[in-house]
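Chains as they are written, first to last, in the numbering used here: chain A, 1 to 452; chain B, 1 to 452.
Backbone N, C-alpha and C define an ideal beta-carbon position, used for all residues, glycine too.
Have a look at the structure below before the remarks.
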């Protein structure tokens with residue numbers, strides 16, 4: 001029997017989307033709320049930042065994905081409030097938010113699933129954010145693309161002021177940082193050289209700054225070392241055991257292992273370090289009386305519900321899940337498969353609860369492996385304990401990413417772009433558009449900061 | 001012998017690009033200046049505005065196109081000044097312009113080719129511009145895309161306030177207006193209906209407003225009538241013999257043929273009427289003592305040079321060319337083939353002048369025909385006097401556009417998208433990104449208006 005009552009799912013990322021689909025399959029009435037009108041394939045967003053892929057290749061309208069789920073409704077908006085007793089969430093439309101009119105709509109729910117994801121943390125320095133952009137959201141990735149391309153243009157125009165324009169600093173050597181540094185190095189060494197007359201783009205320095213002592217610290221065995229060697233072959237300079245202590249308009253300052261400090265002149269900084277849970281985690285914790293950790297993640301029960309609130313579930317990067325046996329709260333890796341499995345699970349839990357079916361047992365993550373690509377035909381993989389690197393890992397990476405990409409047209413276009421780029425080393429989407437050329441003041445004004 | 005001296009080409013559109021290539025082939029030193037880092041295939045820009053194509057499909061970095069011309073240099077910037085006696089142009093980089101620092105670089109030339117193109121004229125009402133966007137530039141087309149998609153989202157969210165959100169007004173029934181109206185109608189009637197729950201997108205009204213008594217007035221014989229019938233079949237309402245007399249935030253006002261006025265509630269207006277030559281035409285006219293017409297076009301000699309200034313040439317939408325026999329100044333149609341032929345011609349004239357070769361005779365436009373598409377598998381064509389419409393015209397349209405598109409990757413991707421969309425009626429690039437969701441104030445601040 002179809003579940004009775006209305007479910008509100010907040011967040012159209014991997015977790016929220018899977019939850020909405022699971023509920024839609026069960027025939028439940030669902031309202032899926034997201035700030036954007038599209039689902040973003042976040043593992044490839046960094047490729048937009050260097051022109052390898054176009055925004056539309058990796059982003060699909062949520063309405064389009066859910067068009068064949070007649071009981072699922074999509075609402076463009078941001079969750080800004082929660083009334084636990086009255087079972088209502090407050091949603092503000094992006095246009096109203098931009099206008100500064102903060103009057104949201106109150107939407108009643110019988111069950112609520114919150115999948116707000118996470119952002120990078122700037123080590124408590126929010127003021128670095130406008131200078132050191134991330135490549136997790138599509139808008140920011142497009143702006144990074146504009147900044148990287150503008151840096152080469154500026155160096156070409158003023159060959160006397162090259163050092164800052166031709167130094168690129170990537171902060172954080174997790175998968176995104178490693179992939180981003182590799183992409184910038186490829187762009188500089190392989191794509192751009194025939195196109196410039198006054199500078200040599202291949203002389204650009206790409207620094208990958210990491211507080212820890214190795215890249216891809218989450219990968220097992222020999223993979224971090226292999227990734228490091230692959231990055232160095234591409235021309236990436238690894239700056240390990242260094243921490244960013246300041247970001248200025250023309251430089252970053254690093255603390256050195258011995259205790260000294262080092263200033264690196266650079267005009268382009270990409271941030272891929274730290275984890276800060278969505279501010280919705282704090283909202284849930286306050287309203288439901290739950291714990292949060294230092295990264296702002298809220299602790300949920302083994303069935304992903306908030307303590308004492310079986311009608312409210314949360315999942316993905318913004319939660320730690322309590323172990324049913326030890327009682328210990330544990331953060332799972334911030335990966336798409338974790339969110340997808342939790343989303344499907346949460347959908348089943350809520351469908352069972354509203355429909356009177358049997359509630360599934362506690363959530364268990366089935367780890368199928370991890371992959372990271374480093375550059376053209378190079379990757380590291382850890383799949384079911386099997387560790388490999390180089391071309392076979394890249395093929396595995398490519399196959400899995402094409403397979404999980406949503407939409408036949410996107411799969412075909414992305415495969416075509418990668419094949420083309422593999423052969424020619426070209427990148428077809430190197431445009432400096434609107435946002436990137438806006439004056440800094442306008443850019444800051446139009447950033448929609450979920451924390452404010 | 002390679003031409004001696006330096007040629008500055010301003011504008012990387014169809015005309016400027018062909019001029020730079022012709023000069024590059026002759027071995028001349030060329031600096032090509034453009035505000036954007038890409039060449040835009042403008043005849044298809046309107047398809048970006050409805051999600052049919054992605055920006056990168058129709059825009060290619062100028063550096064990439066010119067990478068195999070070693071004597072051609074690309075400079076990102078805007079021409080803001082001209083010293084005719086000293087033979088120098090002033091160029092401001094977009095980043096400096098955005099910062100408000102107006103100190104440009106002075107670049108010397110031995111020959112100057114200006115191909116600044118044109119914009120739409122707002123009948124003297126520049127204040128309508130931010131409300132009634134054009135779809136000629138990529139940035140504006142992306143913003144139109146965001147506005148159209150947001151209109152459907154807003155109607156879905158507030159079903160009680162549908163009329164304005166679901167009324168789309170396109171002003172001007174030339175090729176761009178006709179194509180744009182057809183695209184919006186297809187989006188509303190074919191792509192979106194399965195994706196909305198509270199509204200019926202196919203009930204949207206698409207009005208094509210035209211001062212004249214028919215659409216595609218530049219097309220001969222039965223083609224305007226056939227285009228009109230094809231538009232009506234798609235659900236476009238033709239509002240002929242009406243003129244826009246006011247544009248407000250929630251409505252447009254039209255003057256009726258009888259003399260009355262009519263207010264149409266609408267939240268989305270697309271402007272494709274009138275012609276205003278690039279302000280560079282006025283700059284050239286002032287500095288060289290040449291005439292301009294009401295659309296701001298400067299009159300050039302039969303060899304495209306400015307009167308009394310054989311070292312300065314201008315071409316494309318921003319000029320009228322004096323007939324070598326009658327002496328009459330004539331504006332050629334604002335089409336890519338005109339600009340391309342003039343660009344190649346100007347390149348040859350300058351190469352001959354600087355290299356001491358024989359100067360070619362006066363410019364003659366070879367008219368190969370005109371095409372306009374109206375919707376899925378429908379178009380009108382006038383090719384070498386052969387007039388046809390429907391599917392054969394659409395095939396001709398498709399073939400020619402794919403053929404002239406720059407870059408193998410783009411051709412393959414666009415063909416794939418059109419094939420996919422032909423079969424499924426889908427549109428893969430329906431994203432509401434950054435610019436569109438920015439508050440109006442920030443948007444206005446970051447518009448780079450060539451007139452200021």
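Non-local C-beta neighbours of residue 347 of chain A in its own chain, meaning closer than 6 Å and more than five positions away in sequence, comprise 19, 22, 23, ordered along the chain. Residue 239 of chain B is positioned such that its CB atom lies no closer than 7 Å to that of residue 252 of chain B.
Close to residue 429 of chain A, with beta-carbon spacing below 7 Å, are these residues of chain B in chain order: 56. The beta carbons of residue 210 of chain A and residue 173 of chain A sit closer together than 7 Å.
A direct Cα-Cα distance of roughly 14 Å separates residue 318 of chain A from residue 340 of chain A.
Proximity of the segment 22-36 of chain B to the segment 342-356 of chain B meets the contact definition, three or more beta-carbon pairs being nearer than 8 Å. Here residue 305 of chain B has 313 as same chain residues with Cβ atoms under 6 Å from its own Cβ, once five neighbours each way along the sequence are excluded. Cβ contact annotation for residue 190 of chain A (same chain, cutoff 7 Å, sequence separation greater than five): 425, in chain order.
Taking 7 Å as the Cβ-Cβ cut-off, the segment 231-243 of chain B has no residue approaching chain A.
Residue pairing of residue 309 of chain A in beta bridges, as defined by DSSP: A:306. Boundaries of the beta strand (DSSP E) around residue 168 of chain B: 167-171.
Segment contact: the segment 3-10 of chain B against the segment 104-117 of chain B, three or more CB-CB distances shorter than 8 Å; contact assigned. In terms of CA proximity to residue 371 of chain A, A:401 leads the group A:401, A:343, A:355, A:356.
By the Cβ criterion, the segment 125-144 of chain B is not in contact with the segment 331-340 of chain B, since fewer than three pairs of Cβ atoms, one from each stretch, lie closer than 8 Å. Taking 7 Å as the cut-off, the Cβ atoms of residue 433 of chain A and residue 139 of chain B count as close.
Out of B:234, B:15, B:337, B:55, the CA that lies nearest to the CA of residue 180 of chain B is found in B:234. In the displayed model, residue 253 of chain A falls within a strand according to three-state DSSP. Contact between the segment 47-54 of chain B and the segment 416-430 of chain B is present: 3 or more CB-CB pairs across the two stretches fall below 8 Å.
Here residue 417 of chain B carries a helix assignment [DSSP, helix/strand/coil]. Note that the C-beta distance between residue 281 of chain B and residue 300 of chain B is not below 7 Å. In this structure, residue 268 of chain B lies near residue 168 of chain B, with their beta-carbon atoms less than 7 Å apart. In this model, residue 43 of chain A and residue 222 of chain B are separated by some 53 Å (Cα to Cα). Residue 217 of chain B and residue 378 of chain B have their alpha carbons spaced roughly 18 Å apart.
A straight-line Cα-Cα distance of about 14 Å links residue 292 of chain A and residue 118 of chain A.
The C-beta separation of residue 145 of chain B from residue 409 of chain A comes to about 17 Å, leaving the pair out of contact by the 8 Å criterion. Counting other Cβ atoms within 10 Å of its Cβ, residue 198 of chain B stays below 16 and is therefore classed as exposed. For residue 152 of chain A, the three-state secondary structure derived from DSSP is helix. If you draw a 10 Å sphere on the C-beta of residue 364 of chain A, you find fewer than 16 other C-beta atoms in it, and that means exposed.
Of all residues in the segment 19-47 of chain A, those with a C-beta nearer than 8 Å to a C-beta of chain B are 36, 37, 38, reading in chain order. Between residue 272 of chain B and residue 177 of chain B, the C-beta gap is smaller than 7 Å, which places the two residues in contact. If you check the CB distance, residue 316 of chain B and residue 15 of chain B come in under 7 Å.
With a 10 Å radius around the Cβ and a threshold of 16 neighbouring Cβ atoms, residue 395 of chain B comes out exposed. Secondary structure note for residue 363 of chain B: it is in no alpha helix (DSSP H), with a DSSP letter that is neither H nor E.
Residue state for residue 45 of chain A is assigned as helix, using DSSP reduced to three classes. If the five residues before and after residue 80 of chain B are omitted, its C-beta is found closer than 8 Å to the C-beta atoms of 90, 91, 92, 102, 104, all from its own chain and listed in chain order. Annotation: residue 229 of chain B to residue 156 of chain A spans about 53 Å, alpha carbon to alpha carbon.
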